[in-house]
Amino acid sequence: MQKIKRHHEPVNHKASKKLKLVTDEEKEEDAEDETHFHEFDNPVPWQKIEAEGLDCDYALLFSKEEADILFSKLEEEVVYVTGEEAQVQVFGKVYNIPRKQATYGDAGLTYTYSGVKRLACPWTPTLEHIREVVTKNTGQTFNFVLVNRYKDGLDHMGEHRDDEKELDPLCPIASVSLGAARDFIFRHRDSRGKHSHQNFEPVKLELAHGSLLLMNSPTNKFWYHSLPIRKKVTLPRINLTFRRIVMSGKKEHQIN
DNA sequence: TGCCGATCAATCAC
DNA sequence: AGTGATTGATCGGC
Numbered sequence: 001m002q003k004i005k006r007h008h009e010p011v012n013h014k015a016s017k018k019l020k021l022v023t024d025e026e027k028e029e030d031a032e033d034e035t036h037f038h039e040f041d042n043p044v045p046w047q048k049i050e051a052e053g054l055d056c057d058y059a060l061l062f063s064k065e066e067a068d069i070l071f072s073k074l075e076e077e078v079v080y081v082t083g084e085e086a087q088v089q090v091f092g093k094v095y096n097i098p099r100k101q102a103t104y105g106d107a108g109l110t111y112t113y114s115g116v117k118r119l120a121c122p123w124t125p126t127l128e129h130i131r132e133v134v135t136k137n138t139g140q141t142f143n144f145v146l147v148n149r150y151k152d153g154l155d156h157m158g159e160h161r162d163d164e165k166e167l168d169p170l171c172p173i174a175s176v177s178l179g180a181a182r183d184f185i186f187r188h189r190d191s192r193g194k195h196s197h198q199n200f201e202p203v204k205l206e207l208a209h210g211s212l213l214l215m216n217s218p219t220n221k222f223w224y225h226s227l228p229i230r231k232k233v234t235l236p237r238i239n240l241t242f243r244r245i246v247m248s249g250k251k252e253h254q255i256n
């Protein structure tokens, strides 16, 4: 297993200056005598967000300094789709999506967005680095990331659920936010529309620079989420949603 | 003003 | 093959 090089400040500022990534086995060995190792190894403090059928965990994963660097690196590395790939059809009409999108992941993986299949680009160094940090902090592995870039508060995403068939239903979706903080709204599926038969209050969060939101099962079965327009926001935000895609049985891309 | 919820009535996946 | 779900723009109410 490859070691992760930490080239930014650690989350825990009380941690030793000697930043050495230790494997789980090494932790076991050192655990008894070295107190400062415990400080360094402390997991990020998670905040639980719960409602009926909704189960999320929120944490500040990166310091401002780390997050600033990650943001600018992503601005250099990520290539967003253009043209027809950046359009979506709603009720028969074609629109440009009100944000920029890109898909990265393990070789050969595809992702279906609004009926259109899209091939994952190979991981960039920064995306791979963030994936490793997320894995280290969640214990979950991901093989794909959807990148959404919102250039200002007018860029947005409408209400939807991430319930694509190709997603591993038990794996959480890990959403990393970088750049401008944006409001994020959950609404229960049975509390939408004029004749909704239940009355769950929306769950509203602000996703901060450097934060990680884990959306655990079965959140996406019952709750829609959206990133609404915020006219006061003038700065860009990049959002990374790490997912686990299972190519169940389906023969991938038959080449004739 | 800005925000929020409802509507649209075409197309597609299952 | 009929049904249900859809994603974004627009509009009305507050």
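Take the first sequence: its letter number 139 is residue 139 in the UniProt record's numbering, and every next letter is one higher.
Just so it is clear, CB atoms sit at the ideal spot from N, CA and C, and this is done for glycine as well.
The model shown is predicted, which means the values in this text are computed figures rather than measured ones.
- Under the three-state reduction of DSSP output, Thr-138 falls in the helix class.
- Assignment of Ile-69 by DSSP, reduced to helix, strand and coil, places it in the helix class.
- Look at the beta carbons and you see the stretch 106 to 125 not touching the stretch 209 to 224: under three pairs across the two are nearer than 8 Å.
- The beta carbon of Lys-231 sits closer than 6 Å to those of Gly-153, all from its chain and outside the five residues before and after it, given in chain order.
- When the alpha-carbon of Ser-217 is set against those of Phe-184, Leu-70, Pro-228, Asp-162, the nearest one is in Asp-162.
- Only residues of its own chain outside the window of five on either side were considered, and among them Arg-99, Lys-100, Pro-236 have a CB closer than 8 Å to the CB of Lys-151, listed in chain order.
- By the 16-neighbour rule on beta-carbons within 10 angstroms, Pro-172 is buried.
- Between Phe-71 and Val-145, the C-beta spacing is not below 9 Å.
- According to the DSSP assignment, Asn-148 belongs to the beta strand (DSSP E) that extends over 144 to 150.
- When DSSP reads this structure, Phe-184 sits in a beta bridge with Leu-205.
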